[in-house]
Structure formats: structure tokens, C-alpha cells
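Student:
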Amino acid sequence: DSSSGFRLIRKPLLSHFAKSFPSHYLGDTFEALVISGRRKYKIVEIPASIADRKHGQSSASSKVAILLIFRALIVTTFGLHFQLPKKVVGGAD
Numbered sequence: 014d015s016s017s018g019f020r021l022i023r024k025p026l027l028s029h030f031a032k033s034f035p036s037h038y039l040g041d042t043f044e045a046l047v048i049s050g051r052r053k054y055k056i057v058e059i060p061a062s063i064a065d066r067k068h069g070q071s072s073a074s075s076k077v078a079i080l081l082i083f084r085a086l087i088v089t090t091f092g093l094h095f096q097l098p099k100k101v102v103g104g105a106d
């Protein structure tokens with residue numbers, strides 16, 4: 014569930030991400046999904062139930078969301094992202 018931040022990634026794809034993504038970048042789900050899909054890795058969304066926040070406030074803002082969407086579109090449109098090796102036919106997703 015990309016909105017909650019929970020991701021489940023199989024090897025060898027996880028190994029490729031670990032080599033290519035800085036640790037702060039792991040939240041960039043959009044780019045990871047686009048790159049994985051382009052390389053024919055299997056992508057499945059599994060719904061997750063998220064409880065409403067009881068304490069504190071979200072650090073997300075409309076301005077930051079717009080900037081992140083703009084960045085993601087530029088990066089994926091122009092192929093400025095890291096490159097995954099092509100999936101081996103018959104290999105694990």
C-alpha cells in the first residue's frame with residue numbers, strides 16, 4: 014500500500030533497489046513502481062486498513078505534494094532515474 018509506506022519487495026529486485034537508492038529515497042514509491050513496471054517486474058497492490066491519526070499532525074502539505082509529483086513526472090518522463098537490469102525471463106518477480 015503505497016500511501017501507508019508499507020512495501021513488500023522480493024529479491025533480486027530488493028537487492029537492486031538497495032544498491033541504487035539512498036536510504037532517504039525509499040519513500041519514493043512512484044519512481045520505484047514506474048521503473049519496476051517498465052522492466053516487467055510483477056506489481057501487485059494489496060489493500061491495507063489504516064486507522065485515523067489519534068495524536069499529532071501530518072507533516073505532509075499540498076506544496077510538498079505538488080513538488081514531489083512534479084519531480085516524479087520529470088524524472089520518469091526523461092528517464093533520469095536509476096536503471097534496473099531487465100528481468101530475466103522465468104526469474105522471480
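Residue 54 in the numbering used here sits at position 41 of the sequence shown, with consecutive numbering throughout. Beta carbons: idealized from backbone N, C-alpha and C, even for Gly. The structure displayed is predicted, hence computed values, not measured ones.
Give me the Cα-Cα distance between residue 74 and residue 92, rounded to the nearest whole angstrom.
Tutor: Roughly 27 Å between the two C-alpha positions.
Student: Find out if the Cβ-Cβ distance for the pair residue 49, residue 86 is shorter than 8 Å.
Tutor: Their beta carbons are not under 8 Å apart, which means residue 49 does not touch residue 86 by this criterion.
Student: By Cβ distance, which residues of its chain are closer than 6 Å to residue 31, with the 5 residues on each side in sequence left out?
Tutor: If we look at residue 31 and ignore the five residues flanking it on each side, it has no Cβ neighbours.
Student: Kindly indicate which three-state DSSP category residue 45 falls into: helix, strand or coil?
Tutor: Helix at residue 45.
Student: Answer with buried or exposed for residue 68, where buried requires no fewer than 16 other C-beta atoms within 10 angstroms of its C-beta.
Tutor: By the neighbour-count rule (16 or more Cβ atoms within 10 Å), residue 68 is not buried but exposed.
Student: Quick one: what does DSSP say residue 57 is sitting in, helix, strand or coil?
Tutor: Residue 57 falls in the coil class under three-state DSSP.
Student: For residue 84, which of helix, strand or coil comes out of DSSP?
Tutor: The answer is helix: DSSP assigns residue 84 an H, G or I state.
Student: With distances taken Cα to Cα, identify the nearest neighbour of residue 57 among 46, 76, 81.
Tutor: Nearest C-alpha to residue 57: 46.
Student: Give the DSSP-derived three-state secondary structure of residue 51 in the structure shown.
Tutor: In the structure shown, residue 51 sits in a helix (DSSP, three-state: H, G or I).
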